[in-house]
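Student:
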Amino acid sequence: NQIAFSRGNRGFIAINNDDFLLDRTFSTGLPGGIYCDVISGNLEDGTCTGKFITVGDDGSAQIYISNTDEDPIIAIHAEAKL
321 NQIAFSRGNR GFIAINNDDF LLDRTFSTGL PGGIYCDVIS GNLEDGTCTG KFITVGDDGS
381 AQIYISNTDE DPIIAIHAEA KL
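Residues 321 to 402 (the numbering used here) are what the sequence shown spells out, left to right.
(1) Assuming ILE335 contacts ILE393 (C-beta within less than 8 angstroms), just tell me the rounded distance between them.
(2) What are the residues that DSSP puts in a beta bridge with THR388?
(3) Going straight from the alpha carbon of CYS368 to that of ASP391, what length do you get?
(4) From PHE340 to GLN322, what distance separates their C-alpha atoms?
(5) For VAL358, which residues in the same chain have their Cβ closer than 6 angstroms to its Cβ, ignoring the five residues on either side in sequence?
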């Protein structure tokens with residue numbers, strides 16, 4: 321009940337619908353940088369109003385999604401880069 325996938329270098333999504341924490345490093349396909357999670361917030365004037373995800377130079381990101389989160393999902397995309 322956990323899944324993650326990328327849309328190449330355009331976006332990445334991870335969903336945790338399980339009874340335990342999702343804690344894993346994923347290859348996002350995105351260039352390195354800090355991205356605003358568009359599920360928990362918005363990118364407004366260069367600032368993220370929600371969670372942010374750091375993507376390494378190799379395109380990988382450590383993803384933590386608790387099974388108790390209100391929205392146990394993260395979504396980042398190229399236009400949400402800080």
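Glycine residues also receive a C-beta, built at the ideal position from the N, C-alpha and C atoms.
Tutor: On the basis of the data shown:
(1) Looking up residue 335 in the sequence shown gives position 15. Looking up residue 393 in the sequence shown gives position 73. Their Cβ separation, rounded to whole angstroms, is 5 angstroms, which keeps ILE335 and ILE393 in contact under 8 angstroms.
(2) Taking the sequence shown and counting its residues from 1, the one referred to as residue 388 is at position 68. Answer is none; THR388 lacks a bridge partner.
(3) As a position in the sequence shown, residue 368 is number 48, starting the count at 1. As a position in the sequence shown, residue 391 is number 71, starting the count at 1. If you take the alpha carbons of CYS368 and ASP391, they lie about 17 angstroms apart.
(4) Taking the first residue of the sequence shown as position 1, residue 340 is located at position 20. Taking the first residue of the sequence shown as position 1, residue 322 is located at position 2. Answer to the nearest angstrom: the Cα atoms are 10 angstroms apart.
(5) Sequence index remark: in the sequence shown, residue 358 carries index 38 (1-based). Only ALA395, ALA400 meet the Cβ criterion.
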